[in-house]
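A.B. asks: Under my numbering, the first residue of the sequence shown carries the number 419, and numbering increases by one thereafter.
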Amino acid sequence: MADSSAQINALVVDATDPERLAAFWSEVLGRPVVGRTGPYVWLRRENDLALGFQRTDTPKSGKNRMHVDIASPDPAAEQRRIEGLGGRRLEGYEDGGFLVMADPEGNEFCVIPAGPFELDDEGRAHYLD
Numbered sequence: 419m420a421d422s423s424a425q426i427n428a429l430v431v432d433a434t435d436p437e438r439l440a441a442f443w444s445e446v447l448g449r450p451v452v453g454r455t456g457p458y459v460w461l462r463r464e465n466d467l468a469l470g471f472q473r474t475d476t477p478k479s480g481k482n483r484m485h486v487d488i489a490s491p492d493p494a495a496e497q498r499r500i501e502g503l504g505g506r507r508l509e510g511y512e513d514g515g516f517l518v519m520a521d522p523e524g525n526e527f528c529v530i531p532a533g534p535f536e537l538d539d540e541g542r543a544h545y546l547d
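1. Within 8 angstroms, do at least three Cβ pairs link the stretch 424–444 to the stretch 520–532?
2. In terms of residue numbering, what span does the beta strand (DSSP E) encompassing residue 442 cover?
3. Return the CA-CA distance between residue 517 and residue 508, expressed in angstroms with no decimal places.
4. Any contact of the stretch 535–544 with the stretch 499–514, i.e. 3+ C-beta pairs under 8 angstroms?
5. Please name the residue in 468, 476 and 534 whose C-alpha comes closest to that of residue 454.
6. Please report the straight-line C-alpha distance between residue 452 and residue 438, rounded to a whole angstrom.
7. For residue 421, does the three-state DSSP call read helix, strand or coil?
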């Protein structure tokens, strides 16, 4: 494989209301909103990764093709905190054993344990058992 100097610089999420979505994720991640440029709202860059929200007129439809995992020492407590901020747990993912949540615009993400956890041969987690 050839060496590459390419790296992921930012994750950008389409949003019908980027201010609202940035405020939600700011609270979830503890990253303040640090900038606004055109249709973008940016959270503070951490570990060389920026997180931005881009205004779009097209609402989300269908399942995300990529999602983020949020690590927490207590996923159940984190679920309650996220729900208090306007997120919600998604139904239909129980068989996989992951805590799948959605932000206020419906973007899926998982809350996983901060430490290692086991997956079975089918890729199912059991940290919610």
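Glycine is no exception: its CB is placed at the ideal position from the N, C-alpha and C atoms.
C.D. replies: On the basis of the coordinates in this document:
1. Contact between the stretch 520–532 and the stretch 424–444 is present, because at least three Cβ pairs lie under 8 angstroms.
2. Unbroken run through residue 442 is the alpha helix (DSSP H), 436–447; no beta strand (DSSP E).
3. Computed Cα separation, rounded: 8 angstroms.
4. Touching, yes.
5. Each of 468, 476 and 534 was checked against the Cα of residue 454, and the nearest Cα belongs to 468.
6. Approximately 14 angstroms, taken between the alpha carbons.
7. Correct three-state label for residue 421: coil.
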